[in-house]
Every structure is written in structure tokens, then in C-alpha cells.
Amino acid sequence: MRAMKTRRRGELVRGASGSDIHIETIGPESAPPVVLIHGASGSTYDMTFRLAPALADAYRVYVVDRPGFGHSPRIKDESLTAQARVIREAIIEIETRVPIVLGQSYGGAVALEWALQSAHAAALVLVSSPSHDWETGHPLLHRTLTRPVIGWWLAEMINALTPNWIIDQQLAEVFAPDPVPEGYTDHFQPRNSISPRRHRMNARQRIALKGEMAAMSERYHALTLPIESLHGTADTIVPDTVHALPFDAKVESNTLTRLHGTGHMPHHIETDAVIAAVHRARARAGL
């Protein structure tokens with residue numbers, strides 16, 4: 035008999051340091067806990083489209099909005115270090131067990147920082163995650179958005195003047211070469227990603243990420259927990275040759291699954307493969 039799914043939406047949870055994190059919870063209370071962390075410009079609306087419901091028969095799933103995204107308030111410190119800490123603190127308030135932590139794209143970097151900070155992670159599942167520095171510079175748009183005055187005006191103009199067809203085109207580029215799943219655009223509400231304050235914060239975080247990953251990669255020798263990583267070979271946003279393959283070579287506890295021909299969003303395109311990775315992480319962690 036299929037386990038009953040229970041869901042409570044829109045819960046703001048305050049952690050030990052006083053920061054509030056919006057968490058959506060789905061799945062049986064007795065099932066092993068899994069935390070889902072979205073990527074850049076994302077929110078719970080990404081993870082709740084396909085992955086969270088698919089996991090909810092076998093897991094207690096906690097879907098979080100990173101600080102400043104979705105329904106989570108901003109925090110002054112926007113670093114990976116602070117984000118991992120306040121998300122973990124919020125989860126500890128509502129879940130006494132040690133969870134599996136799954137992060138996609140930028141959320142994978144947050145998950146890595148979580149594990150490096152604390153033993154309060156049973157296993158990691160990294161989906162299209164950055165893990166190392168990269169040679170290319172920062173896009174002009176991000177550099178401009180972070181500038182005083184002109185960045186503020188640019189963010190306001192983008193928000194006010196960008197037509198839906200351009201937003202659809204940008205979303206298609208994120209999924210390429212895979213198609214955007216039917217119904218995803220309405221569920222995800224991509225215009226939320228270009229609200230001026232959030233757009234500028236995302237630009238700051240993506241610029242900071244390059245240096246943060248360079249520093250983080252020097253600490254990977256401390257990672258001994260089970261890690262399952264998945265990466266599309268056609269991902270041009272976070273190329274596997276720059277990130278997943280070097281990470282797999284450096285971290286002995288990592289098992290890499292390369293998804294041939296898949297782009298940056300395998301949690302929507304290869305959902306069964308991601309779920310299988312969560313099952314393997316669970317088994318390896320003895321949950």
C-alpha cells in the first residue's frame with residue numbers, strides 16, 4: 035500500500051542564529067529525511083515541480099528556499115558559508131534526524147559547504163553541481179548588475195521591460211539541449227527570478243562563487259561521507275569536465291553518474307536517475 039503523503043506549505047522556520055528559512059515539507063514523517071536545495075535564480079517552485087513529489091513516497095522531503103529567494107527573507111551575509119549554516123539550522127529545528135542533502139547547480143555548492151561545515155549530513159547528492167574554479171570570467175550582465183546606481187537601474191529596467199518570449203528563451207537555454215517540460219514554466223514562475231533585488235543578489239552570488247569554489251576545493255580531503263553526483267555530459271552551464279570529473283578524481287567517497295546527452299536540469303529530465311542516486315546514498319549511509 036502506498037504511503038500517505040502529508041504536506042504543509044509556506045512554513046517559515048527560524049534557526050538558532052535567528053534567520054528564517056521557508057521550507058515546504060512532503061512525505062511520511064517516519065521516512066528518511068532528504069533536504070532539497072535549489073540553484074541560482076531558483077526557489078521551491080523548481081524542486082516541487084517533479085523531484086519532490088517523486089521522492090515523497092519513500093522520503094520525508096524538505097524543500098527549502100535559499101535566503102532571499104522564494105519566500106525566504108534575505109540575510110546580510112550572502113556567502114555560501116552563511117547560506118549552508120542558516121539552512122542547516124532551520125532543518126534541525128523541525129527534523130531531529132541527520133538528513134541526506136541534495137543540491138542542484140548552485141545548491142550543490144551549498145550542499146558541499148554544509149558537509150564541510152558539519153557532520154549533520156548523512157550523505158550528499160550533487161546534481162549538476164559546481165565544485166571547482168573555472169577559467170572564464172563573469173558575464174557583463176552580472177558585473178553591471180552588481181555596480182552601484184547603474185546596477186539598480188538596470189535591474190529595474192529588466193524587470194519592467196523584458197517580454198515573456200525572452201524569459202521563455204532564457205529558460206530554454208537553461209534546459210538545452212533538453213526541452214522545457216510541459217507545465218514547468220507556469221509552475222516555476224520564472225519572472226520571479228528577475229525581480230530587481232533578487233536579480234542583483236543572484237549576480238553578486240554568482241560572481242562570488244568563483245572564488246568560493248577555488249577556496250572550497252582545497253578542503254575536499256575532509257569529505258568522507260557518501261556522495262552521489264550526477265552530471266549531464268551536454269551541460270554547458272556547469273561543464274562536467276571542469277567540475278564533476280575533477281571532483282570525482284579528488285574525492286574518494288564520491289560516485290559519479292554521467293548522463294550522456296543531458297543538459298543542466300537532470301532532476302527534471304532524468305528524474306528516475308536522480309531518485310536512484312538518492313536511494314544509493316540512503317543505502318550507503320545506512321538509513
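Sequence positions in the sequence shown follow this note's numbering and run 35 to 321.
Beta carbons are placed, not taken as given, at the ideal position from N, Cα and C, and that holds for glycine.
In this structure, 188 is the residue among 161, 188, 165 and 162 with its C-alpha nearest to the C-alpha of residue 174.
Fully enclosed beta strand (DSSP E) runs of no fewer than 3 residues occupy 288-293 of the region 268-294, in order along the chain. Non-local beta-carbon contacts of residue 192 in its own chain, meaning distances under 7 Å to residues more than five positions away in sequence, involve 228 and 233 in chain order. Going by DSSP, residue 56 is part of the beta strand (DSSP E) stretching over 54-60. Shown here, residue 152 sits in coil according to DSSP, grouped into three states, outside any helix or strand.
Under DSSP, residue 45 takes part in a beta bridge, and its partners are 57. Non-local beta-carbon contacts of residue 124 in its own chain, meaning distances under 8 Å to residues more than five positions away in sequence, involve 47, 48, 49, 53, 54, 55, 57 and 98 in chain order.
In this structure, the alpha-carbon of residue 198 lies about 28 Å from that of residue 163.
Here residue 116 is not near residue 135, since their CB atoms are 8 Å or more apart.
Under the criterion of beta carbons closer than 8 Å, residue 89 and residue 312 qualify as touching, at roughly 6 Å. In the pairwise beta carbon analysis, the region 253-273 is classified as touching the region 303-319: at least three pairs are separated by under 8 Å. Residue 94 is a Cβ neighbour of residue 62, given a cutoff of 8 Å. With respect to residue 302, residue 211 sits apart: the two C-beta atoms are not nearer than 8 Å. When only Cα atoms are considered, residue 82 and residue 249 end up about 32 Å apart. Looking at the DSSP output, residue 160 shares a beta bridge with 137 and 263.
For residue 312, the enclosing alpha helix (DSSP H) has its first and last residue at 305-319. The straight-line gap separating the alpha-carbon atoms of residue 306 and residue 86 is approximately 12 Å. For residue 68, the uninterrupted beta strand (DSSP E) run begins and ends at 67-71, by DSSP. Taking the C-beta atoms as reference points, residue 297 is found nearer than 8 Å to residue 209. Within the same chain, and ignoring the five residues on either side of residue 271 in sequence, the residues whose Cβ sits closer than 6 Å to its Cβ are 298. Residue 257 holds the alpha-carbon nearest to the alpha-carbon of residue 157 among 257, 274 and 295. Comparing C-alpha distances from residue 240 to each of 179, 321, 145 and 79 shows the shortest one belongs to 179. By the criterion of a C-beta distance shorter than 7 Å, residue 222 is surrounded in its chain by 79, 80 and 83, once the five residues flanking it on both sides are discounted.
Taken in chain order, the unbroken stretches of alpha helix (DSSP H) that lie wholly in the region 170-202 and span 4 residues or more are 174-179 and 184-195.
In this structure, the CA atom of residue 151 is about 22 Å from the CA atom of residue 107. Between residue 154 and residue 128, the C-beta gap is not smaller than 8 Å, which leaves the two residues out of contact.
Annotated as distal: residue 304 and residue 321, with beta-carbon spacing of 8 Å or more.
In the DSSP assignment, residue 253 falls outside any beta strand (DSSP E) and carries neither an H nor an E. Boundaries of the alpha helix (DSSP H) around residue 79: 78-81.
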